[in-house]
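For the sequence shown, the numbering used here begins at 21 and goes up steadily by one. To start, the structure under review is shown below, and the notes come after it.
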Amino acid sequence: MVILEVVGVLVGVAAVVAGGYDDSPGLQGLGLLLALGGLVLLVRAALRARGAGARGSSR
21 MVILEVVGVL VGVAAVVAGG YDDSPGLQGL GLLLALGGLV LLVRAALRAR GAGARGSSR
C-alpha cells in the first residue's frame, strides 16, 4: 500500500512539472491534487503504524 502512495506522489509531482513546461494549469492542478492526496495517505499510514491513528478505538 505504501508503494502505491509513493508512486502516486511521484506521478503527481511529475504531472505538476510537465504541466509547467506545457503551460497547462489543469494538468498542474490534477498533479497537485494527486501529490497532496498521496502525502495525506502516507502520513495516515505512518500514524497508524505508530499506533496514533485510531482515535478512541482499542484495536
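Yeah, the Cβ is synthetic: ideal placement off N, Cα and C, and Gly gets one too. Quick caveat: nothing in here was measured; it's all calculated off a predicted structure.
Worksheet item: In this structure, does DSSP put glycine 71 in helix, strand or coil?
Response: Three-state result, glycine 71: coil.
Item to complete: With a 10 Å radius around its C-beta and 16 neighbouring C-beta atoms as the bar for buried, classify leucine 54 as buried or exposed.
Response: Within 10 angstroms of the beta-carbon of leucine 54 lie 16 or more other beta-carbons, which makes it buried.
Worksheet entry | Counted within 10 angstroms of its Cβ, other Cβ atoms place alanine 34 as buried (16 or more) or exposed | It is exposed - the Cβ of alanine 34 has fewer than 16 other Cβ atoms within 10 Å.
Worksheet item: Quick one: Cα of valine 37 to Cα of glutamine 48, how far?
Response: When only Cα atoms are considered, valine 37 and glutamine 48 end up about 7 Å apart.
Item to complete: Might you give, ordered along the chain, the residues of its own chain that have their beta carbon closer than 7 Å to the beta carbon of leucine 59, omitting 5 neighbours on each side?
Response: Excluding positions up to five away in sequence, the list reads Val29.
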